[in-house]
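Please read the structure below before turning to the comments.
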Amino acid sequence: MDFDWQHMLIELLVMPTLAFVVGLVMVLMARRLRARIERRVGPPFWQPLWDILKLYSKRTQVSHGHMHEISIIVLLGGMIAMEVFLPVPGFDTFAHHGDALTLIYLMMVPTLGMALGVSACANPNGSIGIARALTAMLAYDVPFIITVAGAAMLYGTTSLPEIIAIQQQQGLEGWGAVQMPLLALAALISMQAMLGKEPFEIYVAPAEIATGPMTEMSGKFLGSMFIMQCFQLYTVSVLYTTLFLGGGENWATFLIKIFVVVAIPMTLTNIFPRYKTEAVVAWLWKWPTAIALVGLFVVMMR
Amino acid sequence: MNQQNFPVQVAPLESCREPGPEERSMLRKVLDRVGQYCQSRSLFVLHYCTGCGAIELPPSMTSRFDLERVGMQPMVTPRQADILLITGYLSVKTLKRVILTYEQMQSPKYVMGFGSCTINGGMYWNSYATVKRLGDYIPVDTYIAGCMPRPEAIQQGFLDLIERIDGGRAVAWKDYYRNYDRYLGHQQHLFGRDWLTPTDVVGEAAHYRLAGDGTLGPHTALLDQYAGYHQAWGVPREQYAELEASS
Amino acid sequence: MIPSLDLLLALAFGNLGLMLLAGRNPTAGLLSMILYALQGWVLVMLMPALAEGAASGLAFQVFGWSLSWELNGLGWFFAIITVGAAFFSAWFAAGAWGVQGTRSPWAFHVTLAANVAAMLLLLASRDLLTLFIGWELVTWAGYAMMIQSGGPATRAAYKYLIYGVAGGLAVLAAVVLIQVQAGGLGFAAVAAWMPGISTGMLWALMLLLGVGFGIKMAFLPFHRWQAEAYGESPGPAAAFLGAISSRMGLFGLLILLVHFIGLARLDELLLPLIGLDARILWMWLSALTIIIPTFIALKQNDARMLLAWHGIGQGGYMLLGVLVGSELGVAGGLLHVFNYATYQAVLFLVMGAVVYRTGTAHLDRLGGLITRMPLSYVAMLFAIIGLAGLPPMNGFVSKWMVYKALLDEGLPLLFVAAVIGTLGTILSVFKLIHNVFLGQLRVEHEQIREVPFSMWGPMIALSLIVFITGYMPGLALDLVMVAQTSLGFAALDYHLGGFVTDTGNLNMLAVVSVLLLGMGIGAGIFLLGGNKSKRVHQLDNYAGGHFLTTEVRYHYSHHFYAGLLRLIGPWYITLIKRLEGGIAALTDTLAAGSDGLYRTAYTPILMLAATVLGLALVL
Amino acid sequence: MNPEILIALPLLAAFLLPAARRIDASVGIWWGPLVVLANLVIAAMAWWKVQLIGPQSIALGGFAAPLGIELRADHLGLSAAVLLNLAVLLLWPRETPDKARVSTILLVLTGAGCGLAMSADLFNLYVFFELVAVATYGLAAANGKGEALIASLRYLILGALGSALALLGIALVYAKTGTLNLTELGGMSEALSGPAGIGALVLMVVGFGVKAELFPLNNWVPEVYAHTESRVSALMAGIISKLGILVLLRLIAEVFGGSPGLEFLLWVGVLGVVTGELAAYGAKDMRRVLAYSSIGQMGLVAVALALGGETGFIAALILMLNHLLVKPALFLIADAWPGSLKALAGKGRARPLGAVLFVLLALSLIGVPPLPGFWGKYLLLDAIFTNVTEGAGLLVGLILAATVVEAAYFFRIAARLFGSGEAAEESKIPGLPAVAALFVIAFLALSVQTGRVGDYLKEVVHGLQPQELRMAQSDFPDPAASVNGKGERL
């Protein structure tokens, strides 16, 4: 494999920046959607950016030790690496060096970083939050992994650019959502949980465990977690689009797709209360898993 | 009480003072200005809702008045918050929590006294257990008078605060660092000589160059005397055992 | 010295003798380290000779059977891990730990040397008889290692022993059966004889040998002995046992399933009624071995037990990978043996260090040690990322290979099962590092310090191996290929950073580099982006306005994952535990009955009854 | 020197002892050991002679074999004689009220045992067997304790009844064939293939089985071994039980090979293994554990015997040899830990050498390679898989399950020994008694030289003259001529 250093360097810098910008808009969209549903006006356009800048500009910054700071670096680094490995129109050099499995496991690195940092804060609310977040991960990853297995079976590859190419060759009929609707549905539900949105929102739980992982986060620490939220929305939507919606032919359709994908859970989240932890696990292991298994068998039968 | 000394590390005061405007670089000034603007556009509020006034907050936040329009959001822990909103009277007991919460917030931070109780004790003026003037204990940026104030008043108060932050005039939090000894004196007067919080205001003042003439004084000296009891960090175990036994 | 198998065995047994004589000497640890290093050197030098097998000059004649030894590629691969694990364990015990951390450094060094010697003998076996002799030696050497610390370890080791003897005897029965039926015991002769035998006989042999080897590997449903036995061993002993000891079972299973029976024959072996073939059966057993012990680990409250349960679970990936049968799968399974040994050793060593300093491994009684033992923390962090199978550590690579092989072979359900195991692992390793190193430091641990170099040295060295072989998996795959070709599989096509396949690539060089670069960018944003931070005291913490003091235990460790366990708690069935108890109770009853029989007063009646019955039986 | 002296000398000495004792009281102390020592030397010389010139047949009193009494000076007989003398000498009892009386008993035992080992005649076998039995009854009660007396009474009743049954079996054989000479009987196995012959075998198995600790004729074992002096227990478990097996070995190898009656022996053996090991698992004190373990081991030997064939006999011999060396050593080492197993906690730390050797010897009983017990078990399984057509799996399963139980109880003891407990009190008995050390050394030699001993055992088995060879020969051959000096078959 020949390394085109120049191109790679551009990807390395441009992709995270793009992801951050798109993510900021997604956050804004989510907040506006919420405001609209609650018959409010909602925040101004630049609000997500102002929040982050304000947090970074705080005069005092509380640190609970080196691990607290390193973990934020790991979190940001993992997120940036994740964006780089996503296949988006025009940028897929790095996507060829890994595959869907690599990406799924890379997605856990920032989570792990955050978990370590939160634990280093020595606040039990944070630890409980992390315990719940990991529990939620155990819950939503089961249906999600089944859908990934189904996609790998259907396309015969785990390479993300390949998957996009296969879908785009066949047009709309080739889309994963058309070929395997059950799996697409299961993945959509797990995505809701992956983003930590109601009814699967168990680990922030402000009224219960004081925002869990964010309890002791202040200033730029909290700001970095806001950045992480932008990246997370972007990553999950791009992954879903890649597996089920034919990826992006060009940036216009690509952006439409990913915003639609994010809009669905962001809308749903406002009309649900929260489940209890064990209820989340039970529900996710029951319905989406069953749907995904049926979908997997359908795929395997073909 | 034990008489051992556990000195709080304080750097020489000169290097702990805030540099004047003329000492700051151009870039610094631009960044500070951007920061100020963002701080005024994004305010996370921590509601300290012990009093009856809290009932007026939901209308302010929800669809009727929607404070999110001006970038305000409720937040849960003091670490995340910019504004500490004290709604109503404070008893001596709750004041301790308020002070701890205030000290755990990250600067720049703002305090809003909400209702007459925080200004002069209000209808509880005669009570032996309530605090009359919040401003004696922590620096307050804005008072909203009334018993109780309407959402419109709250909104006005916030807008006023936003304007002052944007203009760089909401600097009451610096006063707490610069005249910490005075605030601590009031606190000690109320809670006793051995009053301590697990936070380290003097250290922060030194670290962030926020110290002033009134940072250290007779009252902070008392802190040194009692610090060891709560903060066993760095205390040799046998000493700690002694402390445990003596308490 | 010319490197040969004889030299290797001489070094191993010489080390044993030396430790027996001089194990109490403070320099014993250093001495044995040197000897393990020499053994490793001999092994490396033997590498070119492996193609035709490195035979030993040692030979015995007993009852007409000749016993002789020869090292092939598979044995060599396991041997190098064995010697490596022994080297790092000995290093850990060479300094302060040997003086203060254990009741008897002599016992540790002797049993370690005995284990290594026995394992090398086992790995160098060329026929079933030498294999069995090595097998039993390994079992008993392991027992000796486990009992050295006494107390609860004795009980755990006793359980191990019962399982081990039962497994050993199953192997013995199979060996004798093969000897009688096939007329020879050489691996080649047995492999040549196997294709001709009847299905019933094949099942019988597979059952006997599978049970025997499976017990050592703590394969489901024989998984209950291992965790306690390894967990209760002292730090470096647990590291050695955990890293390699039960992999001897894998070695046996590989010889049985791949070398003797062959994966193709396994496919033809259909289970009656269900219609599943034997290979799928083995694979699902492997998958269950991954999942069930992993979730048992999640419940543990003792760090060492938690790790030991994971050791059982990780064994499943290895067999699962090899049974896939594709080059990628086999390489993944074997690579996992190596990777697992590296990080499991680190984890047990770190817990050994923690126990050395704090005296406990109970997850409810630790916390916040990161400020006191930062190097141990770093080592454990690297190792748990490896154990959880996340990039950039080596555990990710081998697991990725197994997953990919399963998907490529069209086995998505097994893939899902394997991933579920990984998810469970992530949960429990986080609990481990959180409860031990993160969170609030307890008052009684204020004064502890980092362990001395003799202890953190091996931990850090091994955790660097965990990282480097994750960054450049090609390095470890060089070793794996020796075993893979020796097992009769084609060599995998790989490069330093990973693999290029038709259905998806993995280039760890790129992944890790991007991750590191990303962290660089992240560090730039974070460190330059805001005001410098100030370290605050751990009691300066949000508690809803409550004043924290050292008397307040502000650390969430007990009943971790409460929500999850509320749901899955009742799912932990204790079938095997009850079965164990049942067998023990039955034995007790029968024993009491037999004892009673021999205490009967009317002895002649028994005699007359026996005579009459005997006459009736034969006439 | 003639091997018959082996029988005559101790018996004569036994008769003379009461008289000699009158002369000087101290004679009672040194007389017995000295005679046995002399006997040992003679036995060793005779054994060496057999090594050089091969087995010989001796007709006592000059009469030819069918009429006269034939003694067989072969590998098996003389090896047994050497080991018997050696064992008696080493395990000479100490705790006796009357040393001279015990000397008499032991001298009788030695003489009769040597006779038993060499007899080639069923009647002589019986006579010597009875003599040995009577001697052991006395020996069991020799320490004069009440429990020992009761135990020996139990033994006596069982033994006497067994002897009667054995005699009945011998009478049946005589009635069917008209001869009792083993060599001659070997040629007449067809006459014994009927119900009478089989019945005779069963009766003899029962009769001789009392001594050989076969199930269920062995309920004297735990009582006797638990209450006699450890040296006596060691002697009885180690060598005297083997004499009973020796009789059966000769009978089966030469006369009853392939008889259906062996199935009885097989199941008696299996039941012995299973019940013996289980009872040992349930036993609460050390002596009983060892006694029950002895029952289990003898059961294994019986199974091996019943299976027959070269492999089976070699398995039986190596198992016997292993048990012969291991069990006395175990009894002697365990002397330091009398009473309940619960009292063992931590005692091993006070006597590490004894405890480690205890474990090592136990390992051999369990059958751990490369110790000799392993080879015995291996050959036994080999014999089972080779000779048993149906039910081999069940047989192997039962034996191996019993082995697991064996490991379980031995290592429960080991765990207690090395476990934590109060510091052991100082006891008179050293951790490793000198005699036990000798047994251990012999055992280690056996472990190291298993290959060579195995070759010798093969020779011993070949020397037993399998009957199919006999049937091919028309007239009575000279035993010495049938085998050449190197032990190869003709």
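Chains as they are written, first to last, in this note's numbering: chain U, 1 to 302; chain P, 1 to 247; chain V, 1 to 619; chain A, 1 to 490.
Where a beta carbon is used, it is the ideal one built from N, C-alpha and C, also for glycine.
All values reported here derive from a predicted model rather than from experimental measurement.
Query: Take L398 (chain A) and list the residues in its own chain whose beta-carbon comes closer than 8 Å to its own, dropping the five residues that flank it on each side.; Result: V270, V273 and V274
Query: So with CB distances below 9 Å, who are the chain V contacts of D194 (chain P)?; Result: What D194 (chain P) touches in chain V: nothing, since even the nearest Cβ is about 12 Å away.
Query: Which term fits P491 (chain A), buried or exposed, when burial requires 16 or more other beta carbons within 10 angstroms of its beta carbon?; Result: Outside the displayed span of chain A (1 to 490) sits residue 491 (chain A), for which this structure offers no information.
Query: Cutting at 7 Å between CB atoms, please list the residues of its own chain near G504 (chain V), excluding the five before and the five after it.; Result: K404
Query: Residues of chain P with CB under 7 Å from R59 (chain U), in chain order?; Result: S107, P108 and Y208
Query: Let me check understanding here. Comparing Cα to Cα, which of V:L515, V:M508 and V:G522 lies closest to G98 (chain U)?; Result: V:M508
Query: So the candidates are A:A343, A:V289 and A:G451; which of them puts its Cα closest to the Cα of D595 (chain V)?; Result: A:V289
Query: Where does E327 (chain V) land, buried or exposed, given buried means 16+ other C-beta within 10 angstroms?; Result: buried
Query: Would M15 (chain U) be called buried (16 or more neighbouring beta carbons within 10 Å of its own) or exposed?; Result: buried
Query: Using a Cβ-Cβ cutoff of less than 7 Å, which residues in the same chain neighbour D382 (chain A) once the five nearest sequence positions on both sides are dropped?; Result: T311
Query: Mind listing the chain U neighbours of F415 (chain V)? Cutoff is C-beta to C-beta under 7 Å, in chain order.; Result: A149
Query: Output the distance between the C-alpha atoms of N541 (chain V) and V165 (chain V), rounded to the nearest integer angstrom.; Result: 55 Å
Query: For the segment 180-200 of chain P against the segment 215-222 of chain P, are there 3 or more C-beta pairs whose distance is under 8 Å?; Result: yes
Query: With H, G and I counted as helix, E and B as strand and the rest as coil, what does DSSP make of T275 (chain A)?; Result: helix
Query: Beta strand (DSSP E) containing Y48 (chain P): first to last residue?; Result: L43 to Y48
Query: Tell me the DSSP bridge mates of V62 (chain V)?; Result: V:W65
Query: Could you name the residues that DSSP lists as bridge partners for L71 (chain A)?; Result: A:I58 and A:S119
Query: In the structure shown, what three-state DSSP assignment does A218 (chain V) receive?; Result: coil
Query: On the criterion of 16 or more Cβ atoms from any shown chain inside 10 Å, does I72 (chain U) qualify as buried, or is it exposed?; Result: buried
Query: Residues in its own chain within less than 6 Å of K257 (chain U) by CB, not counting five upstream and five downstream?; Result: T241 and L245
Query: Alpha carbons only, please: which of A:L278, A:L307, A:Y378 and A:H462 is nearest the one belonging to L590 (chain V)?; Result: A:L278
Query: What residue ranges within the segment 165-222 of chain V form continuous alpha helix (DSSP H) runs of no fewer than 4 residues, ordered along the chain?; Result: 187-193 and 199-216
Query: Could you check if H558 (chain V) is buried or exposed, using at least 16 other CB atoms within 10 Å of its CB as the buried criterion?; Result: exposed
Query: Decide if the segment 102-109 of chain V is in contact with the segment 20-29 of chain V; the criterion is three or more beta carbon pairs, one per stretch, under 8 Å apart.; Result: yes
Query: How big is the Cα-Cα spacing for A25 (chain A) and S193 (chain A)?; Result: 56 Å
Query: Per DSSP, what are the beta-bridge partners of V221 (chain A) in this structure?; Result: DSSP lists no partner for V221 (chain A).
Query: Nearest to L613 (chain V) by CA position, among A:V202, A:K211 and A:S230, is which residue?; Result: A:V202
Query: Can you find the residues in the same chain that come closer than 7 Å, C-beta to C-beta, to R41 (chain P), ignoring five residues on each side of it along the sequence?; Result: G71
Query: With a cut-off of 8 Å on the beta carbons, I'd call Q61 (chain V) and G451 (chain A) a contact; round off their distance for me.; Result: 5 Å
Query: Taking 7 Å as the limit between beta carbons, can you name the residues of its chain near A303 (chain V), skipping five residues before and five after?; Result: M351, A361, L363, L432 and V436
Query: Using a threshold of 9 Å, state whether the C-beta atoms of G142 (chain V) and A93 (chain V) are closer than that.; Result: no
Query: Alpha helix (DSSP H) containing I291 (chain V): first to last residue?; Result: A278 to K299
Query: Whose CA, out of A:P3, A:G367, A:L125 and A:P10, lies closest to the CA of H323 (chain A)?; Result: A:G367
Query: Could you tell me the distance, in whole angstroms, from the CA atom of L432 (chain A) to the CA atom of R351 (chain A)?; Result: 8 Å
Query: At least one CB of chain A closer than 9 Å to the CB of A580 (chain V): is that the case?; Result: Strictly speaking, residue 580 (chain V) in this sequence is Glu, with Ala absent from that position. Not closer than 9 Å to any Cβ of chain A, the Cβ of E580 (chain V) fails to qualify, so no.
Query: For A192 (chain V) and Q170 (chain U), I'd like the C-alpha separation in whole angstroms.; Result: 51 Å
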